[in-house]
Each structure stands twice: as C-alpha cells, then as structure tokens.
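There are 2 protein chains.
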Amino acid sequence: MTISLGKAFLIASSMEELLDTTGGKRGRITIHDVAAAAGISISTASKALNDTGRMGLETRERVKRIAAEIGYRPNALARGLLSKRSFTIGLLTNDTYGRFTLPVMAGISDALVDHGVSVFLCAIEEDPALAQIHVEAMLDKQVDGIIATGKRLDRRLPVDLSNLNVPVVYAFTEGAPGSVTFRSDDAQGARLAVEWLAKLGRKRMVHVTGPENFFSVRERADAYRRVAGEERPVLFGVWSESWGHEAVARLWSGSGERPDGIFCGNDQIARGVIDALRERGIRVPQDVSVVGFDNWEIVAAQTRPPLTTVDMELKELGRQAGLTVLALAEGRSVEPGIRKLPCRLVVRQSCGGDTLGI
Amino acid sequence: MTISLGKAFLIASSMEELLDTTGGKRGRITIHDVAAAAGISISTASKALNDTGRMGLETRERVKRIAAEIGYRPNALARGLLSKRSFTIGLLTNDTYGRFTLPVMAGISDALVDHGVSVFLCAIEEDPALAQIHVEAMLDKQVDGIIATGKRLDRRLPVDLSNLNVPVVYAFTEGAPGSVTFRSDDAQGARLAVEWLAKLGRKRMVHVTGPENFFSVRERADAYRRVAGEERPVLFGVWSESWGHEAVARLWSGSGERPDGIFCGNDQIARGVIDALRERGIRVPQDVSVVGFDNWEIVAAQTRPPLTTVDMELKELGRQAGLTVLALAEGRSVEPGIRKLPCRLVVRQSCGGDTLGI
DNA sequence: CTGAAAGCGCTTACAG
DNA sequence: CTGAAAGCGCTTACAG
Numbered sequence: 001m002t003i004s005l006g007k008a009f010l011i012a013s014s015m016e017e018l019l020d021t022t023g024g025k026r027g028r029i030t031i032h033d034v035a036a037a038a039g040i041s042i043s044t045a046s047k048a049l050n051d052t053g054r055m056g057l058e059t060r061e062r063v064k065r066i067a068a069e070i071g072y073r074p075n076a077l078a079r080g081l082l083s084k085r086s087f088t089i090g091l092l093t094n095d096t097y098g099r100f101t102l103p104v105m106a107g108i109s110d111a112l113v114d115h116g117v118s119v120f121l122c123a124i125e126e127d128p129a130l131a132q133i134h135v136e137a138m139l140d141k142q143v144d145g146i147i148a149t150g151k152r153l154d155r156r157l158p159v160d161l162s163n164l165n166v167p168v169v170y171a172f173t174e175g176a177p178g179s180v181t182f183r184s185d186d187a188q189g190a191r192l193a194v195e196w197l198a199k200l201g202r203k204r205m206v207h208v209t210g211p212e213n214f215f216s217v218r219e220r221a222d223a224y225r226r227v228a229g230e231e232r233p234v235l236f237g238v239w240s241e242s243w244g245h246e247a248v249a250r251l252w253s254g255s256g257e258r259p260d261g262i263f264c265g266n267d268q269i270a271r272g273v274i275d276a277l278r279e280r281g282i283r284v285p286q287d288v289s290v291v292g293f294d295n296w297e298i299v300a301a302q303t304r305p306p307l308t309t310v311d312m313e314l315k316e317l318g319r320q321a322g323l324t325v326l327a328l329a330e331g332r333s334v335e336p337g338i339r340k341l342p343c344r345l346v347v348r349q350s351c352g353g354d355t356l357g358i
Numbered sequence: 001m002t003i004s005l006g007k008a009f010l011i012a013s014s015m016e017e018l019l020d021t022t023g024g025k026r027g028r029i030t031i032h033d034v035a036a037a038a039g040i041s042i043s044t045a046s047k048a049l050n051d052t053g054r055m056g057l058e059t060r061e062r063v064k065r066i067a068a069e070i071g072y073r074p075n076a077l078a079r080g081l082l083s084k085r086s087f088t089i090g091l092l093t094n095d096t097y098g099r100f101t102l103p104v105m106a107g108i109s110d111a112l113v114d115h116g117v118s119v120f121l122c123a124i125e126e127d128p129a130l131a132q133i134h135v136e137a138m139l140d141k142q143v144d145g146i147i148a149t150g151k152r153l154d155r156r157l158p159v160d161l162s163n164l165n166v167p168v169v170y171a172f173t174e175g176a177p178g179s180v181t182f183r184s185d186d187a188q189g190a191r192l193a194v195e196w197l198a199k200l201g202r203k204r205m206v207h208v209t210g211p212e213n214f215f216s217v218r219e220r221a222d223a224y225r226r227v228a229g230e231e232r233p234v235l236f237g238v239w240s241e242s243w244g245h246e247a248v249a250r251l252w253s254g255s256g257e258r259p260d261g262i263f264c265g266n267d268q269i270a271r272g273v274i275d276a277l278r279e280r281g282i283r284v285p286q287d288v289s290v291v292g293f294d295n296w297e298i299v300a301a302q303t304r305p306p307l308t309t310v311d312m313e314l315k316e317l318g319r320q321a322g323l324t325v326l327a328l329a330e331g332r333s334v335e336p337g338i339r340k341l342p343c344r345l346v347v348r349q350s351c352g353g354d355t356l357g358i
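See the structure below:
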C-alpha cells in the first residue's frame, strides 16, 4: 500500500460537506467560506474577525463563532503580503554543536511565540556560500528580522548582514559597527566566581583557562586579577578536560605554592581539574575549591562533586535579542551598542559553601 | 543617538536613485520595477525570469540581467499564495537539550537547503498547549510539511499530528499509525558493538544499560544477548555516569566472574564505567574493552581512552526525513511504515583493535 | 452598519 | 512573441 499526500488529502471528512455546499471548493478554508456560512461579505467577515470597523457586537460574535466552527484560520502568507509583516524571523548561527545556540534559541522562541512569531533556524557552520544562501532564502521569505548568533563573542559570522533591508540583532557574536549586540558580561561573571572563592576564605587562587586569543578569556582573566590580585597566576591553554589535568600536574609538580582555589575558564577544564585532583588524593572542596564557567549541565552536573559554575544566562540573552528584533521590526527605536547581560553563579558542591545558605 | 529601523531604512542608498526614477516608490524591489526597467510588462518579466512561456532568448537574458542588476528577488509570500507551496517546513521537537534534535536538524537543513526550503524550529518541551500553539502558527504560515522529532523512540510528542492537512513525517519519535517514521536500527547497532567485542576476543561480556522501560534499551539488550549468548548478564539502571560507576562496583565487588568486555547503553554510562575501571587500576582496553552508544562527541572524545561507540547516524536520518516530507509535499507517493536506518561503529581506543586496521 | 473595489506581489491561462 | 486580465487570500480605504 502506498499513500499519496497531494492536494487530495487536504480535505478532512468533516469539512467536505461544508465545502461542497459552498461550491465544492477544494483546499483550505478561507475567509470566503466564513463569509458564505455567515451570509455576509468577506469585508465584513474580515472586520468582524479582526475587531476592526464598526458593527454590532452580536454580528461580530456570530462571525467569530462560525469561523471557529468551520475551523477557519487566516492565511499568514496573504496577510503578510498586505501588512509587510511575516511574523517570522531568522536565527543564523555558526555554532553547529548547539552548545550556545540552543539556549539562545529557546529564549528567542520563548519571547516571541506569544507574538505569533516563528523562527527559522539556519546553521551555516563557517561556510560563507551556505550563509549567503540561507540569508537570501530568509529575505525572500520576508523575515521581519534576523538574529545572528555564534559560538564566540569576538568573531563575526562569515556573512555581511550590515546592509540588509531588515533589522539585524547580534547575540553572542560580534556585531557590525553601529548595530545592537547582546553579550554576556564575562568580567562580572568572573568576578562572581572569584569573589565566591574569596568569601569562602580561599587565598591562593589560580586561574586555569582557554586560549589567550579569545576576548572572553582575556576579559575573565583581567577580572580575576582585579579581585584575586594582579600577581595571581593565570594558566592559558585550551578548552579541554585534558588541559585541566595537565594544569594540575603542572601546579602540583614543582615545589611552588599549592593553590586552594581554582577558577577555571570553562566547565570542561574544571572537570579535568577536579578529576586530576581526585586522582592525586586532593579533596574537593575541602582542600581545594574549584569553580567553572558555562554551567553546561552535561558537564557541570556530572563532575564529582558537582560543579559550582557561572551561568551566562543565554536564554535570557536570547529573550532580549528576540524582543529587540521585534521592536525594530515594528519600527520602534532602539539604542545601538553592546549590551552586557549579567551572569549568575550556580552553587553546587565543588567550592563548598553550598550548605552555608549564603 | 537612537536608530529607527522602520520602513524608512528599507531603502539602501544605491537603490534610491533607481526607485526615484521608477516613481519614487518606497519598499522592496518588485517585478514591476524589473518590468519598468526593461520596458516590458510584468507578465513578460515573470515569464522571462521563470523560463516559462515563449520568448526570444536575448529578451530573456536581458530581463534576467536587469533583474540581477537592480537586485530583484521574488517575494516568496506572493509566490506561495499562488503556488500553495511556502518552501517552508516545521520541525517540532520535545528534546530541549538538543542532544538528538541538532543532528537531525542539520540533516534536514542539509537536504532541503538545495530545494529552497527553510525550517522552522519549534521546541515544545512536554507542554501540550505550547505544542498546539506552535503547530497552529506553522499551519497558519502554510508550511509544506512537518517533521516531528524527539528524544525517545517510544514516546509520542504531546500533540496529535495525525489529522493535519499537511504531510507529517516522524523521525526518532513514535509516529501515528500508518505514518512514515524514521528511526535508528538499535538492534543492528548493538550487534555491531557486541560483534566488535567478540572479534577482539572478548568472551566474558556484560551489558550495562539504561532503564528497562525504554524500548531501545530492550531492543539493544536483546540484540546483545543474541550475539553474546542468552545467559550473559544485563544490568539495567539509569542513563548516567554514576550508574556506570556503580555497575563496575557491583561487578567487581562479589566473587563472581570478572567481565573482559562491557557494552554500555550510552556514552555517559560508558564514561562512568571507564573512570571506575581506571580508579580500580584495571586497564582499558588491555584488561577490559568498553564500547558505548550514541557517539556523543563531548563525552566520547573526552574519555580516557577515547571511546569506541555506536553512532545512530542521526544526520542521515534527518536528511531522509527531510527528503521524504518534501516528496509528500510535492504529492509523490511514499510507502508508510517504520524505516530503520543502520548505525555505524566508531572505533576509538576503548576496545583496542583501533590499530589493527580492521 | 455593510459591501464593492482596489491592491499586496506574483503567476498563468488567454487573447492578440 | 507580448500584454491585459484574473486570481491566490486577505485588509483597508471608501462609498453607500
């Protein structure tokens, strides 16, 4: 048996009779069907349904009721053609793994679903040609705006969005000059982490982090130094567990001072650090407190002990980016510039202090 | 300074002159602009651009050239209104974490971008009301089809998609009866894993896996037993690293037989198992081979040693789901039923054999 | 209070 | 070979 889902299957059985009486018309239910069923013109039907124009309340209600009964839903394409609003936006990302994009997407969707806006997700990796294709497809479909996001604050997407005829908002990726950009406040996030270590009485702090050529790495390191002391050590490396291991090996190999508080540049490094400490018989958090960055659940919740870490609040970032692109699409004014959104410290058990009720 | 991105900014400076000469019209470039610039009617312009109708090749080329010069792009909303095709599909998922959805999405997008199709991503969690809102928004926007996906093969999404007037394809989630469903062939995947262990000479196998109420857990366990032997032990538990630890503790605590090959139900369990073995001084893969399931890079590539595991080829699954929904949207016939797509064994170092060139 | 007409941007018979 | 007309489904002045 094969099924063919062409035009034919568009008609559900319950609709069939109605449509047959209204001319046997095939296809979706339109405003003509509503008007016919109510015995009025389509103009009046439109006004009744949209609460525009003047008309008796009872007529309005009756039309709405009939529309609901026959399952009428306005065609957004037709509406969009008139109103120049498609209630659709595009999310462009080069973060194929989705580590950062998913929370941002969730926030955007969360903020915009109430406004009837749907989101095209376009993953472009690092391919400029692919990016161009996706951007053009979105523009052809008359998106009301585009949000650009990525995996790195200090890198641009491989496509120029600065001269499009729709508003563009940047979230967690570097924006064009004069644009609206949302990003996490990494300095503030780092301060939260280091101040937490300090509050727990840690004095011999170390920062084990990623590659120095990341802007956010430098920003977090600077903030760390400002709180912990300018002379406190920073170990730059890569974003991996194994670097966390190696850093611990380095710190405990020489005859130097042993840290009692380690602020890690991300959760993966922190996991490596914690594992390495355990393997050396060093207790976390009794002997050393470890704090991470990212609050990547899959990593942070699985470390032993679970990781205290900094959450960049990417969902909130997405929410704000969504509302902003909507505002621009509606012609409202928005101040350009970079908005830094505060991070939040998520206290688990890797630093201690989790039972202090602080 | 504030910027207002209303209608006004739609006109780029370079377009301004042109549009002023064609009537000072504001807004996007339409086929009227092309026709005016070429000194022909819009009907002819349309036919020239779409390679329809009959006309001199040189006219056709000239129109196309002019269209390209003035940056004309057809309005997909207007086209969709006529053609009943929006070149848009919806992807509905309850997998908020994106573990399974992202690769599926990547495959869909990959397959459909060449056909000019864009994808609405709708994350609905487990909320039926939210799901309903998203489905209605997609239908209003005249999606050509919907792909439903999720995080579990044996669970339905919290919304009924069986009587929509657009085609629906299910991918990695349970479909309605009589629908087209794509899923991974978990039995075959499990066989790959266990046969690999057998090929490496492992005889005392154990299967450490997730909750027995998962269909895929039972299916993998059955396949394991068929290859390893019906009497071989299966330890059901949860999908976590800590369960992997606990399972090792259990296996090595009694006086029973010590396994030399452990097939894990997912990569997180495998990671727990490997960590626990290392902590006991048992060498992987020399003493015990460990194989996982999922090929979740972030986990599989970070275990020590890196994990040999089964990849469900979710991207390919997405690709096929995408092409299928497209076929249905075009009215082509598709055989309903469940299609199982083969898994692939990814050989890293946790089993040995990685240098055998097998 | 209600409806005919125009029009959003496009495509497609149809008549020249 | 080319263009006027109709129409996709809707909204919005405008005239009654």
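Line by line, the protein sequences are chains A and B. Residue numbers are given in the UniProt record's numbering: position 6 of the first sequence equals residue 6, and the series is strictly consecutive. Residue numbers are given in the UniProt record's numbering: position 141 of the second sequence equals residue 141, and the series is strictly consecutive. A virtual CB, placed ideally from N, CA and C, is assigned to each residue, including glycine.
So A:Ser86 and B:Leu77 are supposed to be a Cβ contact under 8 Å. How far apart are they, rounded?
The residue labelled residue 86 of chain A in the question sits at position 86 within the first sequence. The residue labelled residue 77 of chain B in the question sits at position 77 within the second sequence. That pair is a contact at about 6 Å.
Residue environment, B:Ile269, which counts as buried when at least 16 other CB atoms sit within 10 Å
Looking up residue 269 of chain B in the second sequence gives position 269. Around the beta-carbon of B:Ile269, 16 or more other beta-carbon atoms lie within 10 Å, marking it buried.
In chain order, what residues of the same chain have a beta carbon less than 7 Å from the beta carbon of B:Glu17, not counting five sequence neighbours either side?
Working through the second sequence from its first residue, we reach residue 17 of chain B at position 17. The pLDDT assigned to B:Glu17 is 33, lower than 50, so where the model puts this residue is not dependable; a value taken from the coordinates is nonetheless given after this. Result list for B:Glu17: empty, nothing under 7 Å.
Consider the Cβ of A:Met55: report whether some Cβ of chain B lies at a distance smaller than 8 Å.
In the first sequence, the residue the question calls residue 55 of chain A occupies position 55. For A:Met55, the nearest beta carbon of chain B is not closer than 8 Å to its own beta carbon.
Using a Cβ-Cβ cut-off of less than 9 Å, list which residues of the region 266-280 of chain B approach chain A; keep chain order.
Those residues of the region 266-280 of chain B placed with their C-beta closer than 9 Å to a C-beta in chain A are Gln268, Arg271, Gly272, Asp275, Arg278 and Glu279, ordered along the chain.
Going by DSSP, which residues form a beta bridge with B:His207?
Your numbering for residue 207 of chain B matches position 207 in the second sequence. The partner list for B:His207 (beta bridge, DSSP) reads B:Val234 and B:Phe263.
What are the partner residues of A:Thr309, as DSSP defines its beta bridges?
Sequence index remark: in the first sequence, residue 309 of chain A carries index 309 (1-based). In DSSP, A:Thr309 forms a bridge with A:Gly292 and A:Val346.
Alpha carbon of B:Ala300 to alpha carbon of B:Gln349, nearest angstrom
As a working note, residue 300 of chain B is residue 300 in the second sequence. As a working note, residue 349 of chain B is residue 349 in the second sequence. Pairing B:Ala300 with B:Gln349, the inter-Cα distance amounts to about 10 Å.
Would the region 201-220 of chain B and the region 228-241 of chain B be scored as touching if the rule is three or more Cβ pairs under 8 Å?
Yes: the two stretches touch, three or more of their Cβ pairs being nearer than 8 Å.
Reduced DSSP category for B:Ser14 - H, G, I as helix; E, B as strand; rest coil
To locate residue 14 of chain B, count along the second sequence from 1; it is residue 14. Model confidence at B:Ser14 stands at a pLDDT of 34, short of 50, so the residue's coordinates are unreliable and nothing is read from them.
Assumed close pair B:Arg344, B:Asp311 - CB separation to whole angstroms, cut-off 8 Å:
The count along the second sequence starts at 1 and reaches residue 344 of chain B at position 344. The count along the second sequence starts at 1 and reaches residue 311 of chain B at position 311. Contact flag correct, Cβ pair sits at about 5 Å.
What residue ranges within the UniProt domain "HTH lacI-type" (29-83) of chain B form continuous alpha helix (DSSP H) runs of no fewer than 4 residues, ordered along the chain?
Whole alpha helix (DSSP H) segments, 4+ residues: 31-38, 42-50, 57-69 and 76-83.
Can you list the alpha helix (DSSP H) stretches of 4 or more residues lying completely in the region 176-227 of chain B, in chain order?
Listed in chain order, the complete alpha helix (DSSP H) runs (minimum 4 residues) inside the region 176-227 of chain B are 186-199.
Where does B:Ala249 fall in DSSP's three states?
Numbered from 1 along the second sequence, position 249 holds the residue referred to as residue 249 of chain B. Three-state result, B:Ala249: helix.
Return the first residue and the last residue of the alpha helix (DSSP H) that B:Ile298 is part of.
Taking the second sequence and counting its residues from 1, one reaches residue 298 of chain B at position 298. Judged by DSSP secondary structure, B:Ile298 falls within the alpha helix (DSSP H) whose first and last residues are Glu297 to Ala300.
Mind checking which residues open and close the alpha helix (DSSP H) that includes A:Gly256?
In the first sequence, the residue the question calls residue 256 of chain A occupies position 256. The continuous stretches of alpha helix (DSSP H) do not include A:Gly256, and DSSP gives it neither H nor E.
Roughly how many angstroms separate the alpha carbons of residue 395 of chain B and B:Lys47, rounded to a whole number?
Because residue 395 of chain B is not part of the residues shown, which for chain B are 1 to 358, the question remains open.
In or out: B:Ser255 buried (at least 16 other Cβ within 10 Å) or exposed?
Sequence index remark: in the second sequence, residue 255 of chain B carries index 255 (1-based). It counts as exposed.
Less than 8 Å between the C-beta atoms of A:Ala321 and B:Ala123, yes or no?
The sequence position of residue 321 of chain A within the first sequence is 321, counting from 1. The sequence position of residue 123 of chain B within the second sequence is 123, counting from 1. Contact flag unset, no.
When you compare the CB of B:Val113 with every CB in chain A, is at least one pair closer than 8 Å?
Looking up residue 113 of chain B in the second sequence gives position 113. So yes, B:Val113 belongs to the interface.
Sort out for me which residues DSSP pairs residue 360 of chain B with in a bridge.
In the structure as shown, chain B begins at 1 and stops at 358. Residue 360 of chain B is therefore absent and cannot be evaluated.
Put A:Leu121 into one of helix, strand or coil per three-state DSSP.
Translated into positions along the first sequence, residue 121 of chain A becomes position 121. DSSP, reduced to helix, strand and coil, places A:Leu121 within a strand of the structure shown.
Closer than 7 Å by beta-carbon distance: list the chain B residues that pair up with A:Ser118, in chain order.
The sequence position of residue 118 of chain A within the first sequence is 118, counting from 1. Phe120, Ala137, Met138 and Lys141, listed in chain order.
Please report the residue range of the alpha helix (DSSP H) in which A:Ile282 lies.
Along the first sequence, read from residue 1 onward, the residue named residue 282 of chain A stands at position 282. Run containing A:Ile282: none; DSSP gives neither H nor E here.
How is the alpha helix (DSSP H) around A:Thr101 delimited, first residue to last?
Translated into positions along the first sequence, residue 101 of chain A becomes position 101. Here the alpha helix (DSSP H) through A:Thr101 covers Thr101 to Leu112.
Can you tell which of B:Phe215, B:Ala276, B:Glu335 and B:Arg152 has its C-alpha closest to the C-alpha of B:Thr93?
Here the question's residue 93 of chain B lines up with position 93 in the second sequence. Taking B:Thr93 as reference, the option from B:Phe215, B:Ala276, B:Glu335 and B:Arg152 with the minimal CA-CA separation is B:Arg152.
Would the beta-carbon of B:Val208 be found less than 7 Å away from any heavy atom of the ligand FAD?
Of the ligands one can find in the structure shown there are none, so the ligand FAD has no counterpart to examine.
B:Thr324 by DSSP, collapsed to three states: which one?
Here residue 324 of chain B is taken as the residue at index 324 of the second sequence, counted from 1. Three-state result, B:Thr324: helix.
B:Arg319 by DSSP, collapsed to three states: which one?
Locating residue 319 of chain B in the second sequence gives position 319, where the first residue counts as 1. Helix at B:Arg319.
For the region 164-182 of chain A against the region 319-338 of chain A, do three or more pairs of beta-carbon atoms, one drawn from each stretch, fall closer than 8 Å, so that the two count as touching?
Judged by Cβ distances under 8 Å, the region 164-182 of chain A makes contact with the region 319-338 of chain A, as three or more pairs qualify.
Can you list, in chain order, the residues of the UniProt domain "HTH lacI-type" (29-83) of chain B whose Cβ is nearer than 8 Å to any Cβ on chain A?
Those would be Arg73, Pro74, Asn75, Ala76, Leu77, Ala78, Gly80 and Leu81, in chain order.
Report buried or exposed for B:Gln286, applying the criterion of at least 16 other Cβ atoms within 10 angstroms of its Cβ.
One-based indexing of the second sequence puts residue 286 of chain B at position 286. The residue is exposed, with fewer than 16 neighbouring Cβ atoms inside 10 Å.
For A:Lys203, is the classification buried or exposed, using 16 other Cβ atoms within 10 angstroms of its Cβ as the cut-off for buried?
Within the first sequence, residue 203 of chain A is the residue found at index 203, counting from 1. Counting Cβ neighbours within 10 Å, A:Lys203 comes out exposed, since fewer than 16 surround it.
Collapsed DSSP secondary structure at B:Gly244 in the structure displayed:
Counting from 1 along the second sequence, the entry for residue 244 of chain B is found at position 244. In the three-state DSSP reduction, B:Gly244 falls in the helix class (H, G or I).
Where residue 377 of chain A sits in the DSSP three-state scheme:
Past the boundaries of the shown model lies residue 377 of chain A; chain A is included only from 1 to 358, so the question cannot be answered.
Mark A:Val288 as exposed unless 16 or more other C-beta atoms lie within 10 angstroms of its C-beta, in which case mark it buried.
Position 288 of the first sequence, counted from the first residue, corresponds to residue 288 of chain A. Buried is the call here.
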